[in-house]
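Comments concern the structure below.
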Amino acid sequence: MGTMIPGAAHLARLRQLRRAKDVMDRDWAEPLDLDAVASHAGYSRYHFIRAFKAVYGSTPGQYLTGRRVERAEELLRTANLSVTEICTLVGFSSLGSFSARFKQRTGLTPSEYRSRHAGRGAALIPGCYALLWSGGFPGRGGPPGGGERNS
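Residues 1 to 151 (UniProt numbering) make up the sequence shown, in order.
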């Protein structure tokens, strides 16, 4: 086989980073094991953080927090679940850190967000159905994970 030209090497690195990002997109509610995610990209932990930020504009932890907040926004608008239940379902282990990160990203607390946006255009989904759909709470027969780790 021939040697890689610089453009091909760059594309290969982007594909590696995309594989790792796909893992985070798929497993967003689970704890982030940064070493495992970095290994999907073929990088060490610290090189992965730098490369991910260079390509996507945020660290893996920031990206994952954004995905979790997006999912929380959807649940606050559509599901009849408590803020604490939503916090756990989207992968945060602390209600305080969830609320702080949510407000930082949306400008509203989770309760304020729900008051402003809940039920627009559709009836709220009963909490029991939302829990069933999501697989329940982690550690209670639901999907694994449920904690939050920062990078």
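All C-beta atoms, glycine included, are put in the ideal place defined by N, C-alpha and C.
{"Check": "Is alanine 54 helix, strand or coil when you go by DSSP?", "Outcome": "helix"}
{"Check": "Could you tell me the distance, in whole angstroms, from the CA atom of glutamate 74 to the CA atom of histidine 117?", "Outcome": "10 Å"}
{"Check": "If you follow the alpha helix (DSSP H) that valine 83 is part of, which residue opens it and which one closes it?", "Outcome": "83-89"}
{"Check": "Which of the three DSSP states, helix, strand or coil, is assigned to alanine 29?", "Outcome": "coil"}
{"Check": "Identify the continuous alpha helix (DSSP H) that holds serine 97 and give its terminal residues.", "Outcome": "95-106"}
{"Check": "Quick check on the burial criterion: 16 or more other C-beta atoms within 10 angstroms. Buried or exposed for tyrosine 46?", "Outcome": "exposed"}
{"Check": "Write down the C-beta distance between arginine 105 and valine 69 rounded to the nearest angstrom, noting that I regard them as a contact closer than 8 Å.", "Outcome": "5 Å"}
{"Check": "Between the alpha carbons of residue 156 and glycine 107, how many angstroms are there, rounded?", "Outcome": "Since the displayed the chain opens at 1 and closes at 151, residue 156 lies outside it and no answer follows."}
{"Check": "Measure the C-alpha to C-alpha separation of alanine 72 and glycine 61 and round it to an integer number of angstroms.", "Outcome": "16 Å"}
{"Check": "Label leucine 64 either buried or exposed according to how many other C-beta atoms from any shown protein chain fall within 10 Å of its C-beta, with 16 as the threshold for buried.", "Outcome": "buried"}
{"Check": "With contact counted as at least three CB pairs below 8 Å, one residue from each stretch, are the segment 91-105 and the segment 50-58 in contact?", "Outcome": "no"}
{"Check": "What does DSSP give as the partner residues of alanine 118 in its beta bridges?", "Outcome": "Answer by DSSP bridge pairing: none, since alanine 118 is not bridged."}
{"Check": "What's the C-alpha gap between arginine 26 and arginine 19?", "Outcome": "11 Å"}
{"Check": "Please list the terminal residues of the continuous alpha helix (DSSP H) segment that includes threonine 65.", "Outcome": "60-78"}
{"Check": "Hey, how far is the Cα of histidine 40 from the Cα of phenylalanine 102?", "Outcome": "28 Å"}
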